[in-house]
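K.L.:
Okay, handing you the structure first.
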Amino acid sequence: MTPAIELIGIDKRFGSVHANKDVTLAIAPGSIHGIIGENGAGKSTLMSILFGFYQADSGEIRVKGKPVKIRSSSDAIALGIGMVHQHFMLVEPFTALENVVLGAEGGRLIGPALTKARAELVRLAKDYELEVDPDAIVGELPVGLQQRVEILKALFRGAETLILDEPTGVLTPDEADHLFRILRILKDQGKTVILITHKLREIMAITDRVSVMRRGELVATRETKATTVEELAELMVGRHVLLRVEKGPSNPGETVLEVKNLTWKDRKGIARVDNVSFSVRKGEILGIAGVSGNGQSELLDVIAGIARPTSGQVIFEGKDIGILGDPRHVRAEGLAHVPEDRQHRGLIGSFDAAESAILGWHHLESLGKGFRLDRDKVVARARAEMEEFDVRPPDPLLKSAKFSGGNQQKLIIAREIKSNPDLLIVGQPTRGVDIGAIEYIHKRIIQLRDEGKAVLLVSVELDEIRSLSDRILVMFAGRVMGERGPRATERELGLLMAGVGQDAA
Amino acid sequence: MMQSRGELPHWVDVGLIPVINLAVALIASGLVVLIIGENPFEAMWIMVQGSLGSLKGWGYMLYYATNFVFTGLAVAVAFHAGLFNIGGEGQAYMAGVGAATVGLGLDFLPWPILLPLAILAAMAMGAFWAWIPGVLQAKRGSHIVITTIMFNFIAASLVGYLINYWFRPVGKMAVESREITGAYILSAREVAREYFGVKLASSPLNFSVFLALIAAWAVWYLLWRTKLGYEIRALGANPSAAIYAGIRPDRIIIIAMAISGALAGLMAVNEILGVQHRLLLGYVGGAGFVGIAVALMGRSHPIGILLAAMLFGLLYQGGSELSFAKPEINRDMVVVIQGLVILFMGAFEYAFRPALSALFYPLGGEGNQ
């Protein structure tokens, strides 16, 4: 059978970075093909070449056996290739229907296109379980439905092959299940699906075949049935990886942080954090699970002093730090904060690593007396931290943006842990971080706990929450839905995350 | 992802691009000269000769450059905080009022006390005139570009009023203050004559040129060697990271604007205390706006600003020589040429970037992988 897509000898360099090395891959029509690999392994580059964002330095692309040149995404669309990006490309104030039609209006007047698209949407909804209200405003839809609009967009343009880039990152387990159901129907209808992910479980659950990428090379392609999670993980990193975290029992001590009836309302007056109470003790890791966007980010901001509570208290070592509303003072009290979004908050891309490594701590007298900032001390401090936390390359003068995601995150974790906090609050410590770095970051967090410090962990990765936490809180719509032990099943937590719970606090 | 092009090598960024922009600007100016029937090469020779061919030319060139260093640094400091201060014109104008008030009002003081006071007063007035838009931006969200432009107009009218009704001595026809005798910066010519017995050609160059060098060093030190400078740059580079770090944007915006205004105010020191020795109408003469081009061309770095300020000093001095030597190329024509240079160096600063990127990375851009 002629493959739907063939990539032959694709090679791509960005300056000194060899992003794709002679990649050859054939994707069978009517199948779900997974592509898995660490961050920076070259998955996204490869798909960007297929979708026309980049051109390969050498190599050939064949669609249904015919050699083609793909110079832009419109070339790709014309060849029946559609892509659902990790970050949706939707116009939020537009309706679902308008978004689907956008760019494919086919005339000066919008009316006929909308009428045609409406009929088409009804058909697609019936065929693929892709129900979306065509007149709903996209910005008001939950993420799962927004993603469906993205898929509809691709199908409306006649996509035969659908590329999905990390599609489940933002979904609840239920929504992910529905997505998988849709993908299976697509496959049954003869469409080809390429799934880019770093989640081994998804690969095992849904794909027919899986290709593993490592450092720009395609190292193996397997029939999913004939492989195991362990084998794939090993192929990804090139060595055996411990997927479970080794950790002993916790010895919780006195309470360090107490959050009492905390509420935070946004500008529209909507309570994003709604009457939340909990406490964190010395020597334990409290995990907060939840689908992203259910108030965890806002909770972290309030505790870190970035936002001021609307009502309630944040008591840290006996002192109400909520009223300070100032991250600098909160830090001075002994609280360190690894932010959820390292690109936009954790560091400053245009600063060199040494300067990013003092962000938030730049007032320390050890970095310069009074108003001065001693450059030598700043660099020396960064060099020591980079060495200890194995940040690569260990060059404090390199721009922060030039480090890979995992190394950026290590730089931030190093900065916050080395400030010797009594409480570390961590948001998404391993989002977009490769397996090697995940392992290391988890180890350091547990080490901090074992030193008797308190850790508050927020993550949307259930695996991470379950393997690190000593206690688990689940947040939904700004409220704490319940507390569970580390042995809680995924299903149990998943229900709480979806807002189904008996013991809503 | 699609448009992220590779970063160009450093030398291209700070060396080649300005040179290309300058070359294109000169070619465009040459065409203009050609159209009005003059020889562009001759015109260019007159400009270079007029500014670099004699001590007098050098004197004028450096005097203009002094002004542009101050206004360029002012733009650069605000720019590092993510603010576009285009009110240098008004801030420098208001600063003259500060310098003249102290210089005239306290002229019973001996000059070693009076002069520093007058300089501080100039800086304070400039800072004050930038502080108001800073507060409006920080506390009320009024956009700094809009407010600083409006403040240029307010300053223009206000200073005109003050000179006419407050500073002008009774019976004097010219709209200007009486002479400031106590706070007086010696010109290079006077220093050479008084202390070295050397006769120099007349030029407005004065000791303020050293003040410009000190200011350039101070700005470098502030931005890259102090905690405040770190906060200013952090806010400009990434506001959400700055907030995460406990840096208060409102505070930094106000401080950065005040520093920016103070630097612009130093322009009045060169002009009022160093050259004119009296407060007069319209002495800023566009230096505040040239500062924007200087800061852009100098990549908001003090060294770059010193070099760019000298280039614009050359254009100003050479330009006036040119209009003198070639009646067909009148003063307005020279302004056109200066405008073209500002256009290519400032507004089209990035015009040749994509082409150069394609040259350095022939096969697409540097991606995120």
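Protein chains in written order, with our numbering: chain A, 116 to 620; chain B, 1309 to 1677. By construction, the Cβ of each residue, glycine as well, lies at the ideal position given by its N, Cα and C atoms. The model shown is predicted, which means the values in this text are computed figures rather than measured ones.
1. Of the residues that make up the segment 1324 to 1338 of chain B, which ones have a beta carbon closer than 9 Å to any beta carbon in chain A?
2. Could you give the DSSP three-state label for lysine 127 (chain A): helix, strand or coil?
3. Could you say if the segment 375 to 394 of chain A and the segment 573 to 580 of chain A meet the contact criterion of at least three C-beta pairs nearer than 8 Å?
4. Measure from the C-beta of leucine 1531 (chain B) to each C-beta in chain A and report whether the shortest distance is under 8 Å.
5. Closest to glutamate 527 (chain A) by C-alpha separation, out of A:Asp456, A:Ile123, A:Ile561, would be which residue?
6. Residues in the same chain with beta-carbon distance under 6 Å from glycine 1598 (chain B), minus the five sequence neighbours each way, listed in chain order, please.
7. What in chain A is Cβ-close to leucine 1667 (chain B), meaning under 8 Å?
8. Helix, strand or coil for methionine 1281 (chain B), going by three-state DSSP, please let me know.
9. Name, please, each residue of chain B whose Cβ falls closer than 8 Å to the Cβ of glycine 124 (chain A).
10. From which residue to which residue does the alpha helix (DSSP H) around proline 1441 (chain B) run?
11. What did DSSP end up calling leucine 488 (chain A) once you bin it into helix, strand or coil?
12. Please classify valine 1467 (chain B): is it buried, with 16 or more other beta-carbons within 10 angstroms of its beta-carbon, or exposed?
13. Between which residues of its own chain and valine 285 (chain A) is the CB-CB distance below 7 Å, once the five residues before and five after are set aside?
14. From which residue to which residue does the beta strand (DSSP E) around isoleucine 436 (chain A) run?
15. Which class does isoleucine 400 (chain A) belong to by DSSP, given the choice of helix, strand or coil?
16. Might you give, ordered along the chain, the residues of its own chain that have their beta carbon closer than 6 Å to the beta carbon of leucine 1530 (chain B), omitting 5 neighbours on each side?
17. To the nearest angstrom, how far is the alpha carbon of glycine 221 (chain A) from that of glycine 542 (chain A)?
18. So is asparagine 535 (chain A) buried or exposed if we call it buried at 16+ other beta carbons inside 10 Å?
19. In this structure, what does DSSP give as the bridge partners for tryptophan 379 (chain A)?
20. Counting only the same chain and skipping the five closest in sequence on each side, list residues whose C-beta sits under 6 Å from that of arginine 443 (chain A).
21. Looking at the structure shown, is methionine 590 (chain A) part of a helix, part of a strand, or coil, going by DSSP?
22. Could you tell me the distance, in whole angstroms, from the CA atom of serine 189 (chain A) to the CA atom of arginine 272 (chain A)?
23. Is there a Cβ from chain B that is less than 8 Å from the Cβ of serine 465 (chain A)?
24. From the DSSP secondary-structure annotation, give me the bridge partner or partners of alanine 569 (chain A).
25. Under 9 Å Cβ-Cβ, which residues of chain A neighbour lysine 1535 (chain B)?
26. Could you check what DSSP says for proline 182 (chain A) in three-state terms: helix, strand or coil?
27. Compute the Euclidean distance between the alpha carbons of isoleucine 553 (chain A) and aspartate 416 (chain A), then round it to the nearest angstrom.
28. Going by the CB atoms, is the gap between leucine 1587 (chain B) and isoleucine 1493 (chain B) shorter than 8 Å?
29. Identify which residue in B:Val1405, B:Arg1501, B:Leu1513, B:Leu1417 has its Cα closest to the Cα of serine 1465 (chain B).
30. Select from A:Asn409, A:Leu482, A:Asn366, A:Leu372 the residue whose C-alpha is nearest the C-alpha of isoleucine 385 (chain A).
31. Roughly how many angstroms lie between the CA atoms of arginine 1559 (chain B) and alanine 1429 (chain B), to the nearest whole one?
32. For serine 1548 (chain B) and chain A, any beta-carbon pair shorter than 8 Å?
33. Do we get a CB-CB distance below 8 Å when we pair leucine 1664 (chain B) with the residues of chain A?
34. Can you grab the Cα-Cα spacing for the pair alanine 171 (chain A) / tyrosine 1658 (chain B), in whole Å?
35. Hey, quick one: how far does the beta strand (DSSP E) through valine 453 (chain A) stretch, first residue to last?
36. Taking isoleucine 1427 (chain B) as the reference, give the member of B:Gly1411, B:Gly1442, B:Pro1418, B:Trp1439 with the closest Cα.
P.N.:
With the structure as the only source:
1. For the segment 1324 to 1338 of chain B, no residue has a beta-carbon sitting nearer than 9 Å to a beta-carbon of chain A.
2. strand
3. no
4. In terms of beta-carbon proximity, leucine 1531 (chain B) stays away from the interface with chain A, with every pair separated by 8 Å or more.
5. It should be noted that the sequence gives isoleucine, not glutamate, for residue 527 (chain A). Checking every option, the nearest Cα to that of isoleucine 527 (chain A) belongs to A:Asp456.
6. For clarity, residue 1598 (chain B) is valine in the given sequence; the question names glycine instead. Excluding sequence neighbours, valine 1598 (chain B) sits near Phe1376, Phe1620.
7. In chain order: nothing, as chain A lies at least about 13 Å away.
8. Outside the modelled stretch of chain B, which goes from 1309 to 1677, sits residue 1281 (chain B), for which no answer is possible.
9. Within chain B, no residue comes near glycine 124 (chain A); the closest Cβ sits about 15 Å away, beyond 8 Å.
10. 1419 to 1443
11. coil
12. buried
13. Val258, Ser407
14. Run containing isoleucine 436 (chain A): none; DSSP gives neither H nor E here.
15. strand
16. Answer for leucine 1530 (chain B): Gly1537, listed in chain order.
17. 45 Å
18. exposed
19. The partner list for tryptophan 379 (chain A) (beta bridge, DSSP) reads A:Val388.
20. none
21. strand
22. 10 Å
23. yes
24. A:Leu538
25. His477, His478, Leu482, Gly483, Gly485, Phe486, Arg487, Leu488
26. Here proline 182 (chain A) carries a strand assignment [DSSP, helix/strand/coil].
27. 23 Å
28. no
29. B:Val1405
30. A:Asn409
31. Straight-line measurement puts the Cα of alanine 1429 (chain B) at about 23 Å from the Cα of arginine 1559 (chain B).
32. yes
33. no
34. If I take the Cα positions, the gap works out to 27 Å.
35. 450 to 453
36. Nearest to isoleucine 1427 (chain B) by alpha-carbon distance, out of B:Gly1411, B:Gly1442, B:Pro1418, B:Trp1439, is B:Gly1411.
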